[in-house]
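Read through the structure below, which is laid out as structure tokens, and then see the notes.
Dropping the structure here:
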């Protein structure tokens, strides 16, 4: 094997970098995870198998007329993740249901110490979301079967 | 005597599957009666390549089972309770922590794998580890039987096939192509490749492209987050070709100027050897088995600083003398992975420990 003179190469690279002055900031991957964990969790919760497991693991009350609705199933998955989440406060960004936008951006929780309190507030949010879903259901023109979220 | 190769699954074209088929070929050459059994058998393999593990025959004390271990499986317990000679080929298990926030199933499988590996520590007569790193893993898990290192057998004749012409034409367009090949899973650290590429593109070469080849399951959370990262950090020219043919993979190696690996866990890392064979100069971060697979070839980095990695990509692309040295070293290392050399080693180890 021929020597590639690694240390010399690194020294040259460092000199070269020094000449470039102050570097621009580069977003950290961990920041993206934090910013998006709940909105991606919503999208990711659409996987059929995972949804099935969620149903088995945790019962979140949803009125019977909404059972089987893909959006409600997604919300349930989201709520489960929120309940088990350790990172709060959190902000949920917009999620898209076909061409209709369900705006979760207003859901923002302050730091809460007790799980019971957290669940109570979450249940209120579920009720709010269900109302939004009902409105969407009432105006379903583009998506008659209520399935097929992105 | 007969030798049975056993594995939870045998797939078409993956490292474990190729290793099993190569071992079968060597056992056939030695005139030893042998068969492959697995729980899951890839449909793309020729009919009769392997039988269902449910049909595992009765074995005498003189027979031997070569078990290919890489995950949690019911077969770990079946192997551990066999009364014949028990030989394990250890391909490594990814540390579960990598999957913790992304894939519950993979996380649990890896946890189970480690528990079962530990259970097998005093129930295995002989081990073959595909790298020195894997050997040390076995020792850490409490294995006291003899352990030898035998690299994975790679069917190089497959790599002499014609690469896909459409990829060669499309990607030989004056852009500098940075390539990584590997499943889109968190231990491969695609985010670190993307960060280094972002710096290279911004500070050294805007006319550059990152190609990330590798399979991923539908709904892969890690890949979704990588895509979000690329979008939010506004990094341009990052390509996930998705499911592509072998000829297309060959073509991507051919058009690549640098193979960049930032993986933090590899039991061997077959793509490094593929890059060596196909003449793509390698830059790789020193983690797990990467250093032992390179063994002085490529450029082994002791830092993940994206700016320094970007600088190294620039050096390798622009400095013809450096590039030639790297390629010469890779060619020299490749000689250690020839079928003839590994087959001879395997035969010798079998005679010493199994036959």
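Chains as they are written, first to last, in our numbering: chain A, 1 to 150; chain B, 1 to 355.
The beta-carbon is built from N, C-alpha and C at its ideal position, and this holds for glycine as well.
Just so you know, these numbers come straight off a predicted model, no measurement behind them.
At a cut-off of 8 Å between C-beta atoms, residue 19 (chain A) does not count as an interface residue with respect to chain B. Among the residues facing chain A, residue 92 (chain B) is not included, as its CB has no counterpart in that chain under 8 Å away. Contact annotation: residue 233 (chain B) and residue 1 (chain A) have beta-carbon atoms that are not nearer than 8 Å. A distance below 8 Å separates the beta carbons of residue 236 (chain B) and residue 201 (chain B). The alpha carbon of residue 339 (chain B) has as its nearest neighbour, out of B:101, B:132, B:151, B:303, the alpha carbon of B:151. For residue 33 (chain B), the uninterrupted beta strand (DSSP E) run begins and ends at 33-41, by DSSP.
For residue 193 (chain B), the closest Cβ of chain A is not nearer than 8 Å. At a cut-off of 8 Å between beta-carbon atoms, residue 242 (chain B) makes no contact with chain A. Under DSSP, residue 238 (chain B) forms a beta bridge with B:210. Against residue 202 (chain B), the close residues of chain A are 23, 24, 26, in the order they occur along the chain (beta-carbon pairs closer than 9 Å). Take residue 12 (chain B), set aside five residues on each side of it, and the residues of its chain with a beta-carbon closer than 7 Å to its own are 42, 44, 45, in chain order.
Listed along chain A are 4, each with a C-beta nearer than 8 Å to that of residue 326 (chain B).
Residue 67 (chain B) is bridged by DSSP to B:6, B:88. Nearest in C-alpha terms to residue 69 (chain B), of all of B:86, B:319, B:247, B:330, is B:86.
Residue 344 (chain B) and residue 19 (chain B) have their C-alpha atoms some 15 Å from each other. For the pair residue 168 (chain B) and residue 4 (chain A), the CB atoms are not nearer than the 8 Å cut-off. The beta carbon of residue 257 (chain B) sits closer than 6 Å to the beta carbons of 176, 177, 317 from its chain, once the five residues preceding and following it are set aside; these are given in chain order. For residue 180 (chain B), the enclosing beta strand (DSSP E) stretches over residues 176-181.
Between residue 214 (chain B) and residue 238 (chain B), the C-beta gap is not smaller than 8 Å, which leaves the two residues out of contact. Look at residue 152 (chain B) here: in three-state DSSP terms it is coil, with no helix or strand label. Neighbours of residue 311 (chain B) across chain A, judged by C-beta separation under 9 Å: 9, 10, 12, 13, 14, 16, 17.
One finds 1, 2 in chain A with Cβ atoms closer than 7 Å to the Cβ of residue 329 (chain B), taken in chain order. The three-state secondary structure of residue 284 (chain B), taken from DSSP, is strand. Bounds of any alpha helix (DSSP H) do not take in residue 259 (chain B); it lies within the beta strand (DSSP E) bounded by 258-261. Look at residue 151 (chain B): its C-beta is not under 8 Å from any C-beta on chain A. Taking residue 287 (chain B) as the centre and dropping the five residues before and after it, the same chain places the C-beta of 264 closer than 6 Å to its C-beta, in chain order. Shown here, residue 129 (chain B) sits in a strand according to DSSP, grouped into three states. Per the coordinates, the alpha-carbon of residue 99 (chain B) lies some 33 Å from the alpha-carbon of residue 206 (chain B).
Pairing residue 126 (chain B) with residue 111 (chain B) gives a Cβ-Cβ distance that is not under 8 Å.
For residue 252 (chain B), the closest alpha carbon among the candidates B:154, B:278, B:266 is that of B:278. Residue range 270-277 is occupied by the alpha helix (DSSP H) that includes residue 276 (chain B).
Within the DSSP secondary-structure output, residue 316 (chain B) pairs in no beta bridge.
With respect to the 8 Å criterion, residue 245 (chain B) and residue 131 (chain B) are not classified as neighbours on the basis of their beta carbons. Residue pairing for residue 301 (chain B): DSSP places it in a beta bridge opposite B:285. Pairing residue 324 (chain B) with residue 298 (chain B) gives a Cβ-Cβ distance that is not under 8 Å. Note that the C-beta distance between residue 247 (chain B) and residue 155 (chain B) is not below 8 Å.
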